[in-house]
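A short write-up of the structure that comes next.
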Amino acid sequence: MGQREQLAALNSLNEVVRETTDAVLEQSTRDEIEATVCEHLAATDSYEFAWIGEVSTNSETVVSRTEASVDGYLDDVQITVDPEDEHGWGPTGRALRTGEVQAAQRIQADPRYEPWRETAESYGVSSSAAIPVVHRETTYGVLNVYSARPNAFEAREQAVLGQLGEVVGHAIAATDRKQALLSDEVVELEFGIPDLFEALDLPSQPTGRFSFEDVVDVGDGEFLVYGDASAEAVETIESLVDHLSHLTAVSVTDDEGDTRFELQMNEPPVLSTLASLGGSIEHAVVEDGDYHMTLHLSPTADVRQAINAVQDAYPEATMLRRQQVTTESDRSRPTSALLEDLTDRQRTTLEAAYYAGFFEWPRDASGEDVADSLQVSPPTFHQHLRKAERKVFTGLFGSASG
Numbered sequence: 000m001g002q003r004e005q006l007a008a009l010n011s012l013n014e015v016v017r018e019t020t021d022a023v024l025e026q027s028t029r030d031e032i033e034a035t036v037c038e039h040l041a042a043t044d045s046y047e048f049a050w051i052g053e054v055s056t057n058s059e060t061v062v063s064r065t066e067a068s069v070d071g072y073l074d075d076v077q078i079t080v081d082p083e084d085e086h087g088w089g090p091t092g093r094a095l096r097t098g099e100v101q102a103a104q105r106i107q108a109d110p111r112y113e114p115w116r117e118t119a120e121s122y123g124v125s126s127s128a129a130i131p132v133v134h135r136e137t138t139y140g141v142l143n144v145y146s147a148r149p150n151a152f153e154a155r156e157q158a159v160l161g162q163l164g165e166v167v168g169h170a171i172a173a174t175d176r177k178q179a180l181l182s183d184e185v186v187e188l189e190f191g192i193p194d195l196f197e198a199l200d201l202p203s204q205p206t207g208r209f210s211f212e213d214v215v216d217v218g219d220g221e222f223l224v225y226g227d228a229s230a231e232a233v234e235t236i237e238s239l240v241d242h243l244s245h246l247t248a249v250s251v252t253d254d255e256g257d258t259r260f261e262l263q264m265n266e267p268p269v270l271s272t273l274a275s276l277g278g279s280i281e282h283a284v285v286e287d288g289d290y291h292m293t294l295h296l297s298p299t300a301d302v303r304q305a306i307n308a309v310q311d312a313y314p315e316a317t318m319l320r321r322q323q324v325t326t327e328s329d330r331s332r333p334t335s336a337l338l339e340d341l342t343d344r345q346r347t348t349l350e351a352a353y354y355a356g357f358f359e360w361p362r363d364a365s366g367e368d369v370a371d372s373l374q375v376s377p378p379t380f381h382q383h384l385r386k387a388e389r390k391v392f393t394g395l396f397g398s399a400s401g
């Protein structure tokens, strides 16, 4: 393909991606988002068809979630993510394993495309690309596009498609989080990890009981976790901070015998995955070294990924229960709507201030304390807090002119 033709194709793709991004952000469910992407790409002159797939929960086979203009192509192909299987070395399998855009520029000459070459040629396809659909550490699936043009997916075109995969992943994550907030139906996962300190090869002998009560996602992989502890458990918590790299700091307050703590975490494996899936920790307690936790996820979330995150972090973990339950939320829909009006930074600031005890009297934490936990200056903290308070109070009491 000549340089002029490549430039024209790239300009066309940029326009399609802009239109697709706008359309995706208007959708309210994952199915709608994925269908919109495939339909927009398949409708262009650049591509013959498109589909989005994911790894089956029961095997390493890639299965279709949605497709556009495929016309039976997928009926004749088998794709896996198994690197030991020849069906795992096409663009789709490689993209899911590496988390990066993969392409076959000339299907007729690419030996890795041998299992699907005859079928691809019968559909007039000369090149294909697979784009991971990702958000943070979560891979939601893979977007596959096919072109009649050989060498259709040069570096710049792959970069644009890679950005589209991130946009789609972000949109799916946002819908999952919103559904988790508004839905009373959740998938509940319950885990037990015996002898946590032994499982993590920590030297201390754990004593006491502590629980994680509230979590604030600060952004950029940073989390603040608030909880209660028995007096004898404080040393246990401090030992965890000393020996686990993702625990960066702890502060402890004691109010008339009630011990509260704040943990600062950086890229904690389970929390990071859970946050990207729109899930939450419903219950987490460590007592005399035994760890018990319950996670909640939206029914549409990738539950398998959450399970893998727990078992990777804690190889001794046992899943005690998996069930779909109806929760009894004490948050009314109007209250949830109030929080939706806040920016991410405003909500984070308000949550951190609340859980740290900034609104207690006397205060458990000063503005400077909360600002330090959020790694911002005190004036910045107060600015975000005042804006958040104003939005919440305006939603509750109406505008001054109303």
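The sequence shown: position 48 = 47 (numbering that gives the first Met the number 0), numbered continuously.
For glycine and all other residues, C-beta sits at the position ideal for the given N, C-alpha and C.
Just so we're clear, the structure is a prediction, and the values are computed from it rather than from any experiment.
- G98 is classed as exposed because its beta carbon has fewer than 16 other beta carbons within 10 Å across all chains shown.
- If you compare the alpha carbons of P114, V167, V375, E47 with that of E25, the shortest gap goes to V167.
- In terms of Cβ geometry, R105 and S127 do not form a close pair [threshold 8 Å].
- For V132, the uninterrupted beta strand (DSSP E) run begins and ends at 126-134, by DSSP.
- Across the set E350, N57, P314, Y353, the C-alpha of P314 shows the shortest separation from the C-alpha of V269.
- Exclusion of the five residues before and after D343 leaves G218 as the residues of its chain whose Cβ lies within less than 8 Å of its Cβ.
- In this structure, DSSP gives F260 an extended state, which the three-state scheme calls strand.
- For Q310, the CB contacts under 7 Å within the same chain, skipping 5 residues up- and downstream, are A316 in chain order.
- In this structure, T258 sits near A230, with a CB-CB distance shorter than 8 Å.
- Boundaries of the beta strand (DSSP E) around S279: 279-286.
- A distance below 8 Å separates the beta carbons of H39 and V15.
- Counting other Cβ atoms within 10 Å of its Cβ, V215 reaches 16 or more and is therefore classed as buried.
- The Cβ-Cβ distance between S271 and H295 does not fall below 8 Å.
- The C-alpha of V141 is placed about 8 Å away from the C-alpha of G164.
- Look at the segment 7-90 and you find these whole runs of alpha helix (DSSP H), each 4 residues long or longer: 29-41.
- No Cβ-Cβ contact shorter than 8 Å links N143 with A8.
- For the pair S68 and E53, the CB atoms are not nearer than the 8 Å cut-off.
- Assignment of beta strand (DSSP E) within the segment 311-369, counting only whole runs of 3 or more residues, yields 317-325 in chain order.
- At a Cβ-Cβ threshold of 8 Å, Q382 and T137 do not count as neighbours.
- Partner residues in the beta bridge of T137, as assigned by DSSP, are H134.
- DSSP lists S126 as the bridge partner or partners of S146.
- Listed in chain order, the beta strand (DSSP E) elements of length 3 or more contained wholly in the segment 145-199 are 184-192.
- Taking C-beta atoms under 8 Å as the contact rule, G277 and A172 qualify, at a distance of about 6 Å.
- In this structure, the CA atom of T325 is about 17 Å from the CA atom of D175.
- Remark: C-beta atoms of G220 and E266 approach each other more closely than 8 Å.
- Pairing T235 with G207 gives a Cβ-Cβ distance under 8 Å.
- R105 sits in coil when the DSSP states are folded into three classes, being neither helix nor strand.
- Rounded to whole angstroms, the gap between the alpha carbons of Q322 and P298 is 10 Å.
- Close CB contacts of L12 within its chain, under the 8 Å cut and outside five residues either way in sequence, are with T43, S45, E156, V159, L160 (chain order).
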